[in-house]
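Enquirer: Read left to right, the sequence shown gives residues 574 to 739 (the numbering used here).
Quick one: structure below, then a few questions.
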Amino acid sequence: MYTPAKACSHHNHGHCISDAIVAARQLCDERGVRLTSLREQVLELVWQSHQPLGAYTLMDMLGKASTRQIAPPTVYRALDFLLEEGLIHRINSLNAFIGCPSPSQKHQSHFLICQDCKVAVELDNAQLNQHLNDVAAESGFSVTSHSLEISGLCPACQTDGNKDLL
Ligand SMILES: [Zn+2]
Ligand SMILES: [Zn+2]
Ligand SMILES: [Zn+2]
């Protein structure tokens, strides 16, 4: 038996967004870094769904949401800031960004990515991290970072697929 990740089941996503914003404000406050209104706006856009978004999509959304023109380097700097503070992660295989649900501690992030609905679920698994380090150590390799990106079908999309078969 398994528990589907929140991102893959029905939930009030408005809470995900507001929780993320509250957590980000609090963290930035504690760390003495500034969550400017643009940084916060970018974070909110990244959190629009549990699907990773690329920089261009974010710039598009930002352009529509705002009356002033925002230059791409400004958006990249905001993304860099959010990455640096661990508020978002980059998914390399998609060249896209996703909000981190537990940004208070720095961690290695791994993702389960649904190839159908594009939802990405973060895996933060101490056992997996330890195992990766052990496997690398067996080859005499010292690990600085790792990120696994696993593609497949989420529970909801597997069910949809079954429906199609009937
Ligand atoms: Zn959500
Ligand atoms: Zn994370
Ligand atoms: Zn899916």
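Glycine is no exception: its CB is placed at the ideal position from the N, C-alpha and C atoms.
Which residue from 583, 714 and 598 puts its Cα closest to that of residue 677?
Expert: 598
Enquirer: Just the residues with CB closer than 5 Å to a heavy atom of ligand 1, in chain order, which are they?
Expert: 586 and 589
Enquirer: Rank 649, 709, 574 and 715 by C-alpha distance to the C-alpha of residue 615 and give the top, closest one.
Expert: Residue 649 is the option with its Cα nearest to residue 615.
Enquirer: Less than 7 Å between the CB of residue 694 and some heavy atom of ligand 3, yes or no?
Expert: no
Enquirer: Could you say which of 721, 668, 691 and 716 lies nearest to residue 697 if we only look at CA atoms?
Expert: 721
Enquirer: With distances taken from each beta carbon to the nearest heavy atom of ligand 3, which residues come in below 5 Å, in chain order?
Expert: 687, 689, 690, 727 and 730
Enquirer: In whole angstroms, give me the CA-to-CA distance for residue 681 and residue 703.
Expert: 11 Å
Enquirer: Do you know offhand how far residue 574's Cα is from residue 644's?
Expert: 48 Å
Enquirer: If you run the structure through DSSP and keep just helix, strand and coil, what is residue 592?
Expert: helix
Enquirer: What's the gap between the Cα of residue 621 and the Cα of residue 679?
Expert: 23 Å
Enquirer: Quick one: is residue 670 buried, meaning 16 or more other Cβ sit within 10 Å of its Cβ, or exposed?
Expert: buried
Enquirer: Look at the alpha carbon of residue 713 and the alpha carbon of residue 635, and state the distance between them as a whole number of angstroms.
Expert: One C-alpha to the other measures close to 46 Å.
Enquirer: Please classify residue 646 as buried or exposed, where buried requires at least 16 other C-beta atoms within 10 Å of its C-beta.
Expert: That one is exposed.
Enquirer: Could you tell me if the beta carbon of residue 697 falls within a distance shorter than 7 Å of some heavy atom in ligand 2?
Expert: yes
Enquirer: Just curious, the alpha helix (DSSP H) that residue 710 is in, first and last residue?
Expert: From DSSP, the alpha helix (DSSP H) with residue 710 extends over 699-711.
Enquirer: Using CA atoms only, rank isn't needed, just tell me which of 726, 723, 699 and 619 is closest to residue 589.
Expert: With distances taken between CA atoms, residue 589 lies nearest to 619 out of 726, 723, 699 and 619.
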